[in-house]
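Numbering of the sequence shown is given in my numbering, commencing with residue 2 and proceeding in unit increments. Where is the CB? At the ideal position from N, CA and C, for every residue including glycine.
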Amino acid sequence: MRLKIWFLETRPSFLLLPVVVAFLGTCIAWYDGFVNIAYAFLAFMGLLFCHISVNVLNEYFDYKSGIDFETVKTPFSGGSGILPSALLNPKQVFW
């Protein structure tokens with residue numbers, strides 16, 4: 002159960018962005034005649050982990066600052082709601 006909560010903390014619905022950016026970069030490299038699958042994979046993983054880190058840090062600091070309790074939750078704002086609903090405590094977010 003905890004693994005699912007941690008996964009939801011990453012806001013997976015927004016993780017399509019690094020996939021598209023890495024694919025676009027790979028397509029441009031292919032068009033220019035230089036494609037290295039290892040570099041493309043590393044770029045994809047780097048972008049994905051950076052995006053996840055930003056999402057999790059944003060959740061944490063929004064909760065610590067109290068903005069999560071003042072923001073109306075919508076699909077695009079208000080975060081995942083995991084910290085305000087006490088499904089995880091702030092220390093657990095970083096594990």
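Tell me the DSSP secondary structure of residue i in three-state form.
| i | result |
| --- | --- |
| residue 31 | helix |
| residue 17 | helix |
| residue 95 | coil |
| residue 67 | coil |
How is the alpha helix (DSSP H) around residue i delimited, first residue to last?
| i | result |
| --- | --- |
| residue 77 | Run containing residue 77: none; DSSP gives neither H nor E here. |
| residue 9 | 3 to 10 |
Take residue i and list the residues in its own chain whose beta-carbon comes closer than 7 Å to its own, dropping the five residues that flank it on each side.
| i | result |
| --- | --- |
| residue 64 | 84, 85 and 91 |
| residue 88 | 6 |
| residue 81 | 9, 10, 12 and 60 |
Looking only at its chain, what residues have a beta carbon closer than 6 Å to the beta carbon of residue i, apart from the 5 residues adjacent to it on each side?
| i | result |
| --- | --- |
| residue 79 | 72 |
| residue 53 | 11 |
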